[in-house]
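Below is one structure, written out as C-alpha coordinates; the observations come after it.
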Amino acid sequence: MSDWRAIVGMNVRKHRQRAGLTQEQLAFASEIDLTYVGGIERGRRNPSVLVLVRIAQALEIEPATLLVRS
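Take 172 as the starting number for the sequence shown in the working numbering and just add one per residue.
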(Lines of atoms letter the chains of each structure in order from A and count residues from 1; the text may use other names and numbers.)
(Lines give C-alpha, C1' and ligand atoms only; values in the text may rest on other atoms or scores of the structure.)
Protein backbone atom coordinates (compact mmCIF):
# COMPACT_ATOMS: atom_id res chain seq x y z
CA MET A 1 0.00 0.00 0.00
CA SER A 2 1.24 3.49 -0.86
CA ASP A 3 1.91 6.09 1.77
CA TRP A 4 -0.77 8.63 0.92
CA ARG A 5 0.85 11.29 3.08
CA ALA A 6 3.97 11.13 0.92
CA ILE A 7 1.91 11.25 -2.29
CA VAL A 8 -0.04 14.27 -1.07
CA GLY A 9 3.17 15.94 0.07
CA MET A 10 4.91 15.47 -3.27
CA ASN A 11 1.87 16.81 -5.10
CA VAL A 12 1.55 19.86 -2.85
CA ARG A 13 5.23 20.68 -3.36
CA LYS A 14 5.07 20.12 -7.12
CA HIS A 15 2.00 22.32 -7.62
CA ARG A 16 3.27 24.98 -5.20
CA GLN A 17 6.52 25.25 -7.12
CA ARG A 18 4.69 25.33 -10.46
CA ALA A 19 2.58 28.19 -9.09
CA GLY A 20 5.76 30.02 -8.11
CA LEU A 21 4.80 30.18 -4.44
CA THR A 22 6.92 29.80 -1.35
CA GLN A 23 5.70 27.66 1.52
CA GLU A 24 5.01 30.88 3.41
CA GLN A 25 2.88 32.27 0.58
CA LEU A 26 0.92 29.03 0.31
CA ALA A 27 0.38 28.93 4.06
CA PHE A 28 -0.94 32.49 4.05
CA ALA A 29 -3.21 31.91 1.03
CA SER A 30 -4.64 28.69 2.45
CA GLU A 31 -4.89 30.03 6.03
CA ILE A 32 -2.81 27.27 7.59
CA ASP A 33 0.39 27.40 9.62
CA LEU A 34 3.70 27.55 7.76
CA THR A 35 5.13 24.62 9.72
CA TYR A 36 2.07 22.56 8.83
CA VAL A 37 2.67 23.18 5.10
CA GLY A 38 6.24 21.97 5.52
CA GLY A 39 5.04 18.91 7.40
CA ILE A 40 2.55 18.09 4.66
CA GLU A 41 5.22 18.42 1.96
CA ARG A 42 7.54 16.11 3.89
CA GLY A 43 4.77 13.53 4.29
CA ARG A 44 4.78 13.88 8.07
CA ARG A 45 1.30 15.37 8.48
CA ASN A 46 -2.10 13.87 7.79
CA PRO A 47 -4.10 16.84 6.47
CA SER A 48 -7.88 16.92 6.74
CA VAL A 49 -10.11 17.22 3.70
CA LEU A 50 -10.72 20.87 4.62
CA VAL A 51 -6.98 21.58 4.62
CA LEU A 52 -6.56 19.86 1.24
CA VAL A 53 -9.43 21.94 -0.17
CA ARG A 54 -7.86 25.16 1.14
CA ILE A 55 -4.49 24.26 -0.37
CA ALA A 56 -6.07 23.32 -3.69
CA GLN A 57 -7.99 26.60 -3.79
CA ALA A 58 -4.80 28.55 -3.10
CA LEU A 59 -3.06 26.64 -5.90
CA GLU A 60 -6.08 27.01 -8.21
CA ILE A 61 -6.34 23.26 -8.80
CA GLU A 62 -8.95 20.61 -8.06
CA PRO A 63 -8.48 18.97 -4.64
CA ALA A 64 -8.41 15.50 -6.22
CA THR A 65 -5.22 16.53 -8.03
CA LEU A 66 -3.40 16.29 -4.71
CA LEU A 67 -4.29 12.60 -4.38
CA VAL A 68 -3.04 11.39 -7.77
CA ARG A 69 -0.03 9.07 -7.80
CA SER A 70 2.69 10.29 -10.14
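A virtual CB, placed ideally from N, CA and C, is assigned to each residue, including glycine.
In its chain, beyond the 5 residues on either side, P234, L237 have a beta carbon closer than 6 Å to the beta carbon of L223. Relative to the Cα of R176, the nearest Cα in the group Q228, G210, I226 belongs to G210.
Residue environment for S201: buried (at least 16 other C-beta atoms within 10 angstroms of its C-beta). In this structure, the beta-carbon distance from N182 to S241 falls below 9 Å. Shown here for G214: same chain residues with a beta carbon closer than 6 Å to its own, the five before and five after excluded, namely R176, A177, G180 in chain order.
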